[in-house]
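K.L.:
Each protein sequence line maps, in turn, to chains A and B.
Residue numbers for the first sequence follow this note's numbering, so the first one is 49 and each next one is one higher.
Residue numbers for the second sequence follow this note's numbering, so the first one is 225 and each next one is one higher.
Backbone N, C-alpha and C define an ideal beta-carbon position, used for all residues, glycine too.
Let me begin by handing over the structure; questions about it come next.
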Amino acid sequence: MLNLTDEEKRILQGEEGRLKQVCMQYVAEMAEIAGAERLVDLDGTGDTHTPALALSQHYQITIDELREYADNGGRFKIPTFANKSPFPECAPMHGWEECHACVRGDPDTMFSDPAHHKKAQHEEELAIMKRMGLITTHSCANYLVMSYLPSIGQHCSWFESSQMPYCNATLGARTNFDGTFATCILGKAPYYDMHITENRFGTILVETDRLIRTDMEWDVYGFAIGEAVAVHVPVVTGTSRPTTTQYEKFNSAIATGGAVRMYHLPGMTPEAPTIEHATGGKPFQKQVMIDNKVLRDTYDLLNFRTTDVIDMVYLGCPHLNIVDLMQIAFKVEGKKCKVPVWLATAPWLHAAAKEQGYLAIFEKAGITLTTGTCPAAMGSLPAGVSCIAMDSAKQAMYITGCYPNDDNRIQVAYGTQDDCIDAALTGRWRGEWR
Amino acid sequence: MADKIRIKGRSVYPGCVEAEALVSQMPLQGFTNVDVANGYTVERRHPLFKVPYAGKVLVFPSPRGSGGFMMYGFGDKAPAAFVYNHATPLTVLLALQAHTPSMTDFERDPMEVIETGDMVLVNATEGYIEITKKSM
């Protein structure tokens, strides 16, 4: 039974205008469905896809209502960061001129078409939202450029599978999968699941017989753990201290193989100084061994190919941080790629890559630096690509869904960043499980 | 009828519908791995790859992956009802979109009882499902 405060009831009755009323209708219905007893006042940050004025199939805000709200001084209640490039197109924000891939459901239009690019920016809605305080980070990994991260225990409202464990486990802040225009306008979200301390304790002990220390090992381990624990909170052992890149990989993989919103790395993540802290002192309900054979099988599952001939390379799932960009630049400097290579990062890091000289290196190597999106979000690859190399379990699982038919099935070569760069330079796949 | 098996559970979204079950032993993944226009999953190597779910009671252990899981509730080929063991914010997003009868938290694991092709009455208004085995 949902109990709303007097303030929340007033908003629901429309006393603060129709826009906030619709937002409250949506959030209250979400809370009812979730079985939440109340809403929580958010003291952290918000993350939302844009413009996404259709909150659901049943709740819609018009652009006129949005403009009127902004004209009257209306703002987002909490610091609100844009996820990915605007919906529904999810078009690249930089590098789009080189993205000769068909727009989803429209084979006659390319992402490289200037008219489509302009339309896909949704400038009118975004200009209004910026006046309301929207911070235009436009990335699945927008936490890389937020410059304002939530602190331990702060209640947030984010919306991206890889961000759920980033916010909850890596940062120790608290979010459910509900960051929308509505929660960010109201600064309120249903109080359930990861907002509640007892749901955050680890219940499954995960062990491995291999020391997890490379980026690919973190990615494969994450996917395998997600498959093994499904929706539960694992306490993960057997690893080195993760780098930022490895946190990105692990969080995206564990939330692709499963629906893991929270995990603990004892001695590393903020809510787990020890295993006892991680479990709240309770015994584990289950122990899982992800041994070398399971990891090998997971690697084989992520590979989906019958050929070593590579037509394209994609790196940037989740979006590349500045150190990733530096490392790739060092590896390709003075070389020339044989096949199209797309990198993806947050739009604000495009300027950084340019400033650092990486963009010039990429251009000389024949590499396109895109921002804001990825092939899976775009829903397509350039015509003629039949086997793409990548270093991301998440992207490897989602890109094949874009091409499910026998006549144009996409194959995936999955491996390390080095394997992918080698494939970019040679057109051949030489990666293997080692 | 003595042949019906009734299991109590928690209503996620109210309503009452009876339809044939489509059971996925594996978790389901949405976003690019659900084809809304055709009404089936397109996750590679999934047991239900391209098996239509339109109008069925879709039974699965748990969701996984992207927020695009909610797309199982999109379009005119959506399932008639959803039955699952583990609710998460992904299933909340699904119910919020689908507005079709949905139930979870059962007193007994429905995956052990329901097989594809069984008739399942999902009474999410009164909080139970009732299974008629296809073999009976």
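Which residues in the same chain have their Cβ closer than 8 Å to the Cβ of valine 337 of chain B, if we skip the five residues on either side of it in sequence?
P.N.:
For valine 337 of chain B, where only same-chain residues beyond five positions count, the Cβ hits under 8 Å are Ile229, Ile231 and Ile355.
K.L.:
Taking Cβ positions only, does threonine 256 of chain B come closer than 8 Å to chain A?
P.N.:
Closer than 8 Å to some Cβ of chain A, the Cβ of threonine 256 of chain B qualifies, so yes.
K.L.:
Hey, does phenylalanine 207 of chain A have any beta-carbon neighbour from chain B nearer than 8 Å?
P.N.:
Yes - at least one Cβ of chain B is within 8 Å of the one on phenylalanine 207 of chain A.
K.L.:
What's the gap between the Cα of serine 104 of chain A and the Cα of leucine 320 of chain B?
P.N.:
So the alpha carbons of these two residues sit roughly 7 Å apart.
K.L.:
Residues in its own chain within less than 8 Å of glutamine 73 of chain A by CB, not counting five upstream and five downstream?
P.N.:
Cβ neighbours of glutamine 73 of chain A beyond the five flanking positions: Leu60 and Tyr107.
K.L.:
Hey, quick one: how far does the alpha helix (DSSP H) through asparagine 131 of chain A stretch, first residue to last?
P.N.:
Note, asparagine 131 of chain A: premise wrong, no alpha helix (DSSP H); beta strand (DSSP E) at 128–131.
K.L.:
Please classify leucine 328 of chain A as buried or exposed, where buried requires at least 16 neighbouring CB atoms within 10 angstroms.
P.N.:
Looking at the sequence itself, residue 328 of chain A is glycine, so the reference to leucine does not match. Looking at its Cβ environment, which holds fewer than 16 other Cβ atoms inside 10 Å, glycine 328 of chain A is exposed.
K.L.:
Suppose you measure from the CA of lysine 167 of chain A to the CA of arginine 248 of chain A; what does that come to, to the nearest Å?
P.N.:
Cα-Cα distance, rounded: 42 Å.
K.L.:
Pull up the CB-CB distance for isoleucine 302 of chain A and tyrosine 311 of chain A, whole angstroms please, since I reckon it's below 8 Å.
P.N.:
Going by Cβ atoms, the distance from isoleucine 302 of chain A to tyrosine 311 of chain A rounds to 7 Å, so yes, they are a contact pair.
K.L.:
For arginine 222 of chain A, which three-state DSSP category applies?
P.N.:
Strand at arginine 222 of chain A.
K.L.:
Can you tell me which of the three DSSP states cysteine 484 of chain A falls into?
P.N.:
This structure cannot speak to residue 484 of chain A, because chain A is shown only from 49 to 482.
K.L.:
Just the C-alpha distance for leucine 318 of chain B and alanine 408 of chain A, rounded to the nearest angstrom, thanks.
P.N.:
Computed Cα separation, rounded: 44 Å.
K.L.:
Does the separation of the CB atoms of leucine 174 of chain A and proline 136 of chain A fall below 8 Å?
P.N.:
Not in contact: leucine 174 of chain A and proline 136 of chain A (Cβ atoms no closer than 8 Å).
K.L.:
Below 6 Å CB to CB, which residues in the same chain sit around glutamate 319 of chain A once its five sequence neighbours on both sides are set aside?
P.N.:
Counting only Cβ-Cβ distances below 6 Å, and skipping sequence neighbours, we find Gly220.
K.L.:
Does the Cβ-Cβ distance between isoleucine 469 of chain A and valine 380 of chain A come in under 8 Å?
P.N.:
Yes, the Cβ-Cβ distance between isoleucine 469 of chain A and valine 380 of chain A is below 8 Å.
K.L.:
Looking at alanine 322 of chain B and glycine 289 of chain B, is the spacing between their C-beta atoms short of 8 Å?
P.N.:
Not closer than 8 Å, so no.
K.L.:
Tell me the DSSP secondary structure of leucine 206 of chain A in three-state form.
P.N.:
Contrary to the premise, residue 206 of chain A reads as tryptophan rather than leucine in this sequence. Strand, per DSSP.
K.L.:
For valine 371 of chain A, is the classification buried or exposed, using 16 other Cβ atoms within 10 angstroms of its Cβ as the cut-off for buried?
P.N.:
Its Cβ having fewer than 16 others within 10 Å, valine 371 of chain A is exposed.
K.L.:
By the 10 Å Cβ neighbour count, where 16 or more other Cβ atoms means buried, how is threonine 419 of chain A classified, buried or exposed?
P.N.:
It is buried - the Cβ of threonine 419 of chain A has at least 16 other Cβ atoms within 10 Å.
K.L.:
Shorter than 8 Å from the beta carbon of glycine 291 of chain B to some beta carbon of chain A?
P.N.:
Yes, because at least one Cβ of chain A sits closer than 8 Å to the Cβ of glycine 291 of chain B.
K.L.:
Would you list the one or two residues that DSSP bridges to methionine 49 of chain A?
P.N.:
Answer by DSSP bridge pairing: none, since methionine 49 of chain A is not bridged.
K.L.:
Which bits of chain A does tyrosine 296 of chain B rub up against, with CB to CB less than 9 Å?
P.N.:
None at all; the shortest Cβ gap to chain A is about 13 Å.
K.L.:
Compute the Euclidean distance between the alpha carbons of glycine 479 of chain A and alanine 424 of chain A, then round it to the nearest angstrom.
P.N.:
When rounded, the distance between both Cα atoms is 22 Å.
K.L.:
Rank B:Pro238, B:Thr324, B:Tyr352 and B:Gly341 by C-alpha distance to the C-alpha of aspartate 333 of chain B and give the top, closest one.
P.N.:
Closest by alpha carbon: B:Tyr352.
K.L.:
At the 8 Å Cβ level, is aspartate 342 of chain B part of the contact set with chain A, yes or no?
P.N.:
Judged by the 8 Å Cβ criterion, aspartate 342 of chain B is not in contact with chain A.
K.L.:
Could you give the residue range of the alpha helix (DSSP H) that holds methionine 438 of chain A?
P.N.:
Element bounds for methionine 438 of chain A: not the alpha helix (DSSP H) but the beta strand (DSSP E), 435–438.
K.L.:
Provide the residue(s) that pair with lysine 232 of chain B in DSSP beta bridges, ordered along the chain.
P.N.:
DSSP, once it has assigned bridges, lists B:Tyr352 as partnering lysine 232 of chain B.
K.L.:
Give the DSSP bridge partners of histidine 97 of chain A, in chain order.
P.N.:
Paired residue(s): A:Asn131.
K.L.:
Express the C-alpha separation of cysteine 385 of chain A and tyrosine 294 of chain B in angstroms, rounding to a whole number.
P.N.:
A quick correction: the sequence has methionine, not tyrosine, at residue 294 of chain B. C-alpha separation (whole angstroms): 39 Å.
K.L.:
Contact criterion: CB-CB distance below 8 Å. Does phenylalanine 129 of chain A meet it with respect to chain B?
P.N.:
It does not; no Cβ of chain B falls within 8 Å.
K.L.:
When the Cα of asparagine 51 of chain A is compared with those of A:Asp466, A:Asp257, A:Asn131 and A:Ala237, which residue comes out closest?
P.N.:
For asparagine 51 of chain A, the nearest C-alpha among the options comes from A:Ala237.
K.L.:
Hey, how far is the Cα of glycine 364 of chain A from the Cα of glycine 62 of chain A?
P.N.:
Whole-angstrom Cα-Cα distance: 43 Å.
K.L.:
Using the DSSP secondary-structure output, state which residues sit across from arginine 261 of chain A in a beta bridge.
P.N.:
In the DSSP output, where bridge partners are listed per residue, arginine 261 of chain A has none listed.
K.L.:
Would you verify that the beta carbon of serine 248 of chain B is, or is not, closer than 8 Å to some beta carbon of chain A?
P.N.:
No, serine 248 of chain B lies away from the interface with chain A (no Cβ there is under 8 Å from its Cβ).
K.L.:
Anything in chain A within Cβ reach of aspartate 259 of chain B, meaning under 9 Å, just list it in chain order.
P.N.:
Going along chain A in sequence order, the residues near aspartate 259 of chain B (Cβ under 9 Å) are Gly449 and Pro452.
K.L.:
So with CB distances below 8 Å, who are the chain A contacts of threonine 312 of chain B?
P.N.:
Within chain A, the residues near threonine 312 of chain B are Phe225, Asp241, Val279, Ala307 and Arg309.
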